[in-house]
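A.B. asks: Pasting in a structure now, in structure tokens, and then I'll have a few things to ask.
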Amino acid sequence: MQFSTGLGTSSGRHTETMAAGCGLQHQCPGEPSLGDRETAAGVHWGTAGENIGEGGPVAETQANITGMAVGLTKGMLAEQPPTTDTAATSSTRTSTT
1 MQFSTGLGTS SGRHTETMAA GCGLQHQCPG EPSLGDRETA AGVHWGTAGE NIGEGGPVAE
61 TQANITGMAV GLTKGMLAEQ PPTTDTAATS STRTSTT
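Here my numbering is used: position 69 in the sequence shown is 69, and no number is missing along the way.
Pasting the structure below:
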């Protein structure tokens, strides 16, 4: 596995957009879709997804940041799919941002 500059660019821009006021959302008002954001950043993709989360505040030490990231990851892995009929009509995306 290696770092993708395009994905870093796309996710960084989306993070800045969320931080500017729309909060944790997969697509902020007026923002292009995930696929359009990735394409604009030069990513060549066939399927795409994202995962967003919030943690902290923690002191900026490697141990604290790692612990927060591990906690967020465990939370995502423990997620359960919806149990209502809306699951058949809703769209979800998973990946990291």
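Glycine included, every Cβ here is placed at the ideal spot set by N, Cα and C.
(1) Secondary structure at L24, three-state DSSP: helix, strand or coil?
(2) From V58 to A40, what distance separates their C-alpha atoms?
(3) Are G75 and G53 touching if we call contact CB-CB under 9 Å?
(4) With DSSP run on the structure shown, which of helix, strand or coil describes G53?
C.D. replies: In short:
(1) Mapped onto the sequence shown, residue 24 falls at position 24. The three-state secondary structure of L24, taken from DSSP, is coil.
(2) Along the sequence shown, read from residue 1 onward, the residue named residue 58 stands at position 58. Along the sequence shown, read from residue 1 onward, the residue named residue 40 stands at position 40. Their Cα atoms are separated by approximately 33 Å.
(3) Taking the sequence shown and counting its residues from 1, one reaches residue 75 at position 75. Taking the sequence shown and counting its residues from 1, one reaches residue 53 at position 53. It is a contact, given that the beta carbons lie within the stated cut-off.
(4) The residue given as residue 53 occupies position 53 in the sequence shown. Correct three-state label for G53: coil.
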